[in-house]
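Report on the following structure.
Number of protein chains: 2
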Amino acid sequence: MAGVIVTILVIPQSLAYALLAGLPPQAGLYASIFPVVAYVWLGSSSIQAVGPVAITSIMTFAVLSPLATPGSPQYIALAAGLALCSGVLTLVFGIFRLGFLSQLLSRPVVSGFISGSAVLIIISQLKFMLGIQVKGDNTWQTLLSVLSNFGQSNPVTLLFSGIALPWLLLSRYGLVRMAVRMGIAKTKAEVWVRVMPLIVLGTASLLVVGLNLDNAHHVAVVGAVQEGLGNINLFLPDVGSLQQLLTPALIMAFIGTVQNITMGQALAAKRRERLDPNRELVGLGAANVVAAFYGGMPVGGGLSRTAINLAAGARSPLAGLVSALSMLLIVLAGTHWFARMPLAVLATSIVVAAISMIDLKALRQAWSYDRADAYALLGTAAGVLLLGLEMGIATGILLSLITLLVRASTPHIAVIGRIVGTEHFRNVERHGVETIPGVLFLRIDESLFFGNLNAVEDRLVAELQKDARIKDLVLIMSAVNRVDTTAMEVLSDLNQDLAARGIRLHLAEVKGPVQDRLLNTPLWQSLSGRVHLSVNRAFEMLAAEKIADAGLYVI
Amino acid sequence: MAGVIVTILVIPQSLAYALLAGLPPQAGLYASIFPVVAYVWLGSSSIQAVGPVAITSIMTFAVLSPLATPGSPQYIALAAGLALCSGVLTLVFGIFRLGFLSQLLSRPVVSGFISGSAVLIIISQLKFMLGIQVKGDNTWQTLLSVLSNFGQSNPVTLLFSGIALPWLLLSRYGLVRMAVRMGIAKTKAEVWVRVMPLIVLGTASLLVVGLNLDNAHHVAVVGAVQEGLGNINLFLPDVGSLQQLLTPALIMAFIGTVQNITMGQALAAKRRERLDPNRELVGLGAANVVAAFYGGMPVGGGLSRTAINLAAGARSPLAGLVSALSMLLIVLAGTHWFARMPLAVLATSIVVAAISMIDLKALRQAWSYDRADAYALLGTAAGVLLLGLEMGIATGILLSLITLLVRASTPHIAVIGRIVGTEHFRNVERHGVETIPGVLFLRIDESLFFGNLNAVEDRLVAELQKDARIKDLVLIMSAVNRVDTTAMEVLSDLNQDLAARGIRLHLAEVKGPVQDRLLNTPLWQSLSGRVHLSVNRAFEMLAAEKIADAGLYVI
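Residue numbers (our numbering), protein chains in the order written: chain E, 1 to 555; chain P, 1001 to 1555.
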């Protein structure tokens, strides 16, 4: 039952995303049949649904529209090539258990990418909502063209989208809450809300047919949708197009992987299941390979599809199979039903879906939690909009790597003291602590490597200059997880330099793995001070020495 | 006095490096006059010496020989452009206090670069040592050409280099020790050893003159060295060559910066001085800018020049001025003395200098201390030899960044317990410790960021599966210096996931800066366990709870 409901509900989506991808509408229907079967067979999630999704569709359009005319046989062949490449890559990720590679993308970068893509999608649909022609090779040109041609909007088309937009927005954002308040069970309400786009589309289609709006008022409609299955697609990409498709296919595979794993894990957690991410990837990859041979439209794990699945009551992979079978029947018999569906309403439903993809919450959260992550998010989104999808994601990766390096290069270093009456040591600036005159305890909160030695040295010099009495410097290594060759040499030089100035260098709380490496180095062997197991032992020992030396001990 | 000695000693070097750079011999002499004055005026090191050095010379040759015929006016103009660019860049680094940028290069990468360049230098000199012609656009072709033409070697030339090589090697590596053993003071011995190349070259030149070897036996000699100062060089580079020169100039400036700062700091430490690295860079940059206008040969801070300076007794910048003045006199009056110096012996002296640049000690040290650094060193050297100087250094930087990322992505995670009778917590695998049944203490030795969350989660899952009784998980954050947005979200998900499975998540020893950020996040606000100031408090509290729960407490 859930399977049949899902089929009916996803038809408008499938048609819309095919058009978004620049492919003939039936491609979206085909992509909801065989790839679903492949995924049910090989994937591990029991309720995740694959099919045409917004993000792969806009990527397909963005990548291929500069290479061929959308809808042309060459374009369709390239789309199939893209699905094949990204499918094979995803399969390889899954089989060789390389799912962890998707870690290269941080969540803010992925979120920025999706939000940026959503804006691209919205801009691409404006011409259908207004019923105008636009020109433009990039986002700004398209947007400008929309604005300058706004006056030529088709009034009936504008009326359709003007009515559909608030209605669809309301059904997505307010209706469930309203229904629940009116006493309808939440799951039931969710199904009805999902049906709303279908009702809107159906009503609009009936209006078009009844009033002959497409012929009388030039309202653009879907047009003839090929009935039956056609032939298996055997346009395989040649070497030249393979080179052009490889990078976008890789990005598609990566983004697909991240989305699939993130969403799959969240779903699995809700249902107390454990997800095998790599098996998921095998399923998703196989689905795309199959998609390449039938219709040629790249597919993904769809958030809204899965939500529909869950809301409709799907509890096992069987629902997926039933849904594929129902879609097959529709393709074989009923595609003429969709021919006079108005594009304006379809485009409006895509826009509403795209609006929900813009993740302002993630931006707000990153902004308040970690400004650098927020910049990476914004940078990725801006990159997607201004430079294209590939450069956008490259911008994001670059920003996150630069953040990592800049942070590792500017370590937090704290002068610490002992909280009176305890064995705890804390930052002297944050806590009231006791210190030993002439002894400096410095905690370095970062692994030492070639990139941050200057910063560490500068701080050391500054601290030593503040207090000329210092005769013992204790470096607390509890947060130093590694010391590379350059750092070891610089510390070794520092040890000699300090010794020449009459200052002893001590180390405390050196981690096991770090100590193992340092044992045979000049630093360890000629250290002017001692290596202390704990800061407290260093404190006790140095305090006792000072008392012995001077006969006094000032807290 | 030291100044005059230095001048005489560096003459062969200056001529040899000019030839190595593909410039006329007098360029090396000019480069030892005005740049030295500029450096004495603006630099901060009292005894460091600038002038033509091996590394800038081979870089000049490597960069410019594909662009113009060595020795041609165009080549000389390009060399001047290179000196100017690298000088201006170095000046900018110094003035804007950007010396820290040289941190991008780790010591192993710099060492690999210098060792690789040294091998390049040796290969480039073989043709002079053998008296043959070679062809070849890259290292391997040149080497093959040398091997296949070995039979055509000029016998007298071969004799010269065959005798000079062991003699110069001995004087560099064994003579000081022998002299000291024979009772000669070390500093005196060092001066005499430095004089040895001059004696060898002088003897060889006298042999050439006396036996007329250059004319009778085709022994290649330096040839006419222009006397007098010539004109100020005003061939400034045009925009096209500027673009070609910018990257190599940047590398030259970087390598120069690193060498200068490293060497300068070592010298300053020996002499109980403090070095201002940025002022050093101003001096070095100014020296190169001046060099560009007179003779056009890029200069550097020379290790062997400085060593000669020190050995000859230079104690103040005055020595540099005297040396420049003496060189000026020689250029004005005596360059004809060098015309019949045999190239074979000059080349041999370069080879001996280059051999001393191959830093096997650094490789051995890196190999035993940190294998990844050793690979970066070898990769850089191999890159320099196989792909050229620019790609070599790029390889090195890439390898060191990849190492950083790979390490940060594979964090060390330890299950820890308390050392009995103390408040110290250590790895259960390394120390005999007490633990609490049902409580898992995990210490994560790395900042948490998007790239290592998978590894952390995998380890967590594995540890939880080992022991189904675990009801409390304590993450010890003493070595976690940052938690990025992705990590915060994943931890938050983990907290919920564990709570659903009846496991509480605790945090202990969260650092101040990390805690500040986490305070307003869902993780902190809905943490199923507690936040503990110290591991010991967590241990005590959880142990007490277990006792209360079960009436027993097993150590």
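The beta carbon of each residue, even a glycine, is placed where N, CA and C say it ideally should be. Note that the structure is a prediction, hence the values are computed from the model and not measured.
With a threshold of 9 Å between beta carbons, is residue i in contact with chain E?
| i | result |
| --- | --- |
| residue 1526(P) | no |
| residue 1253(P) | no |
| residue 1511(P) | yes |
| residue 1215(P) | no |
| residue 1218(P) | no |
| residue 1394(P) | no |
| residue 1103(P) | yes |
Which same chain residues, not among the five before or five after residue i, have their C-beta less than 8 Å away from its C-beta?
| i | result |
| --- | --- |
| residue 136(E) | 142, 143, 144 and 145 |
| residue 1180(P) | 1186 and 1189 |
| residue 514(E) | 477, 480, 481, 482 and 483 |
| residue 1410(P) | 1452 and 1455 |
| residue 1395(P) | 1379, 1380, 1382, 1383 and 1387 |
| residue 1425(P) | 1416, 1417, 1418, 1419, 1433, 1441, 1443, 1476, 1535, 1536 and 1539 |
Hey, residue i and residue j are a contact pair by Cβ (cut 8 Å); roughly how many whole angstroms apart?
| i | j | result |
| --- | --- | --- |
| residue 22(E) | residue 60(E) | 7 Å |
| residue 1503(P) | residue 1471(P) | 6 Å |
So, residue i versus residue j, is the Cβ gap smaller than 9 Å?
| i | j | result |
| --- | --- | --- |
| residue 1013(P) | residue 1349(P) | yes |
| residue 1294(P) | residue 1033(P) | yes |
| residue 1362(P) | residue 1107(P) | yes |
| residue 1531(P) | residue 1441(P) | no |
| residue 36(E) | residue 400(E) | no |
| residue 1067(P) | residue 1244(P) | yes |
| residue 372(E) | residue 403(E) | yes |
| residue 1490(P) | residue 1529(P) | no |
| residue 1351(P) | residue 1165(P) | yes |
| residue 223(E) | residue 253(E) | no |
| residue 450(E) | residue 1250(P) | no |
| residue 156(E) | residue 246(E) | no |
| residue 1081(P) | residue 1292(P) | yes |
| residue 171(E) | residue 347(E) | no |
| residue 573(E) | residue 1446(P) | Look at the range of chain E in this structure, 1 to 555, and you will see that residue 573(E) is not part of it. |
| residue 1288(P) | residue 1086(P) | yes |
Looking at chain P, is there any beta carbon in it that lies within less than 9 Å of the beta carbon of residue i?
| i | result |
| --- | --- |
| residue 4(E) | no |
| residue 115(E) | no |
| residue 276(E) | no |
| residue 336(E) | no |
| residue 281(E) | no |
| residue 536(E) | yes |
| residue 92(E) | no |
| residue 467(E) | no |
| residue 365(E) | yes |
| residue 463(E) | no |
| residue 190(E) | no |
| residue 453(E) | yes |
| residue 504(E) | no |
| residue 549(E) | no |
| residue 96(E) | no |
| residue 66(E) | no |
Who are the near neighbours of residue i in its chain, counting only those whose CB is closer than 6 Å to its CB and skipping five residues on each side?
| i | result |
| --- | --- |
| residue 1541(P) | none |
| residue 1391(P) | 1383 |
| residue 555(E) | Below a pLDDT of 50, predicted positions are generally treated as unreliable, and residue 555(E), at 46, falls in that range; the measurement from the model is reported next regardless. Cβ neighbours of residue 555(E) beyond the five flanking positions: 434. |
Going along the chain, which residues of its own chain have a beta-carbon closer than 7 Å to the beta-carbon of residue i, five neighbours each way excluded?
| i | result |
| --- | --- |
| residue 18(E) | 24, 25, 27, 28, 52 and 297 |
| residue 553(E) | Summary for residue 553(E): the model assigns pLDDT 48, below 50, so the residue's position carries little reliability, and this model does not support an answer. |
| residue 114(E) | 55, 357 and 359 |
| residue 1257(P) | 1090, 1093, 1099, 1102 and 1281 |
| residue 153(E) | 130, 131 and 132 |
May I ask whether a heavy atom of the ligand PLP can be found less than 8 Å away from the beta carbon of residue i?
| i | result |
| --- | --- |
| residue 65(E) | This structure lacks the ligand PLP, and indeed carries no ligand of any kind. |
Open item on the list: Taking 8 Å as the cut-off, does the stretch 1509-1516 of chain P touch the stretch 1459-1466 of chain P (at least 3 CB pairs, one atom from each stretch)?
Closed with: Below 8 Å, too few C-beta pairs join the stretch 1459-1466 of chain P and the stretch 1509-1516 of chain P to call them touching: fewer than three.
- [ ] Flag this pair as touching only if the stretch 1118-1136 of chain P and the stretch 1147-1156 of chain P have three or more C-beta atom pairs under 8 Å; answer yes or no.
- [x] Judged by Cβ distances under 8 Å, the stretch 1118-1136 of chain P makes contact with the stretch 1147-1156 of chain P, as three or more pairs qualify.
- [ ] Please determine if the stretch 1327-1344 of chain P and the stretch 1070-1079 of chain P are in contact, where contact requires at least 3 C-beta pairs separated by less than 8 Å.
- [x] With the cut-off at 8 Å, the stretch 1327-1344 of chain P and the stretch 1070-1079 of chain P do not touch.
Open item on the list: Can you pull out the residues from the stretch 1427-1447 of chain P whose beta carbon lies closer than 7 Å to at least one beta carbon of chain A?
Closed with: Among the protein chains of the structure shown, namely E and P, there is no chain A.
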